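Remarks on the structure that follows.
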Amino acid sequence: MSRLLIATNNRGKLIELRNIFQGLPCEIVSPADIGIDLEVEETGSIFEENAILKSVAFARKSGLLALADDSGLEVKALGGKPGVLSARYAGTDATDTDRVKFLLSQMLDVPLEKRQARFRSVIAITDPNDWHTELCSGECPGIITFEPRGLNGFGYDPIFYLPQLSKTMAELSREVKNSISHRGQAARNAIPILKNLLNIHKFT
213 MSRLLIATNN RGKLIELRNI FQGLPCEIVS PADIGIDLEV EETGSIFEEN AILKSVAFAR
273 KSGLLALADD SGLEVKALGG KPGVLSARYA GTDATDTDRV KFLLSQMLDV PLEKRQARFR
333 SVIAITDPND WHTELCSGEC PGIITFEPRG LNGFGYDPIF YLPQLSKTMA ELSREVKNSI
393 SHRGQAARNA IPILKNLLNI HKFT
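Using the numbering used here, read the sequence shown as starting at 213 and increasing by one per residue.
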């Protein structure tokens, strides 16, 4: 059976993507599953560039069909920050709790009507036979809360409020989150591309 490498060391992303791709005709593996220890420096200025950097690097290292996600939070009142720096906004060693606290500290004086934000995700899929890379994207609009709510998800989920559901992303079940999230949209857009590549090649 062909193998698809989910090119991430982020446990939360891995769980979400495994769930969405579980119906594909392949074995879904992580870097840890196949003994790869690789950290790719995210030097791109946009999500697309970082997603490509990661998917190409992992495809070259593994020889497998590789899929990488680069995603983040864009807050209107902060001029689109943290954007591609979402994971490093509060420092390279910051925890999810640290990031949430730091972001909220940057918005202390921002009123509710100006706290619009969106999550964005770009997925890159690299074919190890020729290094050709396809891109898919998704986004989810919301509002930044004044304090965290919910225990599910990861990252900025506890402060990302979805008016249509009257909940933060961290208050949603995994199934509901995957059905509406930026990463869920991008991953579903990737499924036809993955099916086509898996039909053409054997990635073992």
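No residue lacks a Cβ here, since even glycine has one placed at the ideal position from N, Cα and C. These figures come from a predicted structure and were not determined experimentally.
Classification of residue i by the beta-carbon crowding that lies within 10 angstroms, buried from 16 upward
| i | result |
| --- | --- |
| F358 | exposed |
| D281 | buried |
| G354 | buried |
| G235 | exposed |
| A244 | exposed |
Contact check, residue i vs residue j, beta carbons under 8 Å
| i | j | result |
| --- | --- | --- |
| G284 | F259 | yes |
| G396 | I248 | no |
| R215 | V241 | yes |
| P370 | P360 | yes |
| V287 | A329 | yes |
| V334 | A269 | no |
| G165 | F366 | The question about residue 165 has no answer here: the residues shown for the chain are numbered 213 through 416. |
Contacts around residue i, its chain only, beta-carbon distance under 6 Å, and the 5 residues preceding and following it disregarded
| i | result |
| --- | --- |
| A271 | A278, T338, P340 |
| N408 | none |
| R230 | I240 |
| I310 | Per the sequence presented here, residue 310 reads as Asp, with Ile not at that position. Answer for D310: A302, listed in chain order. |
| G350 | S333, H394, Q397, A398 |
| Y373 | G354, I355, T357, T380 |
Inter-residue Cα distance where the pair is residue i and residue j
| i | j | result |
| --- | --- | --- |
| P323 | C348 | 34 Å |
| D321 | L226 | 35 Å |
| M213 | P237 | 8 Å |
| F331 | C352 | 5 Å |
| K293 | A302 | 12 Å |
| L265 | E254 | 7 Å |
| K326 | A398 | 27 Å |
| N390 | H413 | 28 Å |
| S378 | L316 | 20 Å |
| A451 | L406 | The structure shown does not extend to residue 451, since the chain is modelled only from 213 through 416, so no value can be given for it. |
| T304 | N364 | 23 Å |
| L410 | I392 | 26 Å |
| L250 | D308 | 21 Å |
| E228 | F415 | 22 Å |
| I403 | N222 | 21 Å |
Of the listed residues the options, nearest to residue i (C-alpha basis)
| i | options | result |
| --- | --- | --- |
| G362 | S385, H344, T345 | S385 |
| A289 | F366, I356, A402 | I356 |
| T220 | Q234, I246, G235 | I246 |
| S298 | L410, K273, Y368, A402 | Y368 |
7 Å CB neighbourhood of residue i in its chain, flanking five on each side removed
| i | result |
| --- | --- |
| Q318 | L290 |
Neighbourhood of residue i by C-beta distance below 8 Å, restricted to the same chain and skipping five residues each side
| i | result |
| --- | --- |
| T345 | I264, S267, V268, A336, I337, T338, D339 |
| V296 | E254, G256, S257, I258, F259, N262, D282, G284 |
| W343 | V268, A271, R272 |
| A306 | R300, F314 |
| V312 | P360, Y368, P370, I371 |
CB contact check: residue i to chain C, cutoff 8 Å
| i | result |
| --- | --- |
| M319 | Reference to chain C is not applicable here, since this structure consists of a single protein chain. |
Residue i Cβ short of 7 Å to the ligand ATP heavy atom set
| i | result |
| --- | --- |
| I264 | With respect to the ligand ATP, the structure offers nothing, as it holds no ligand at all. |
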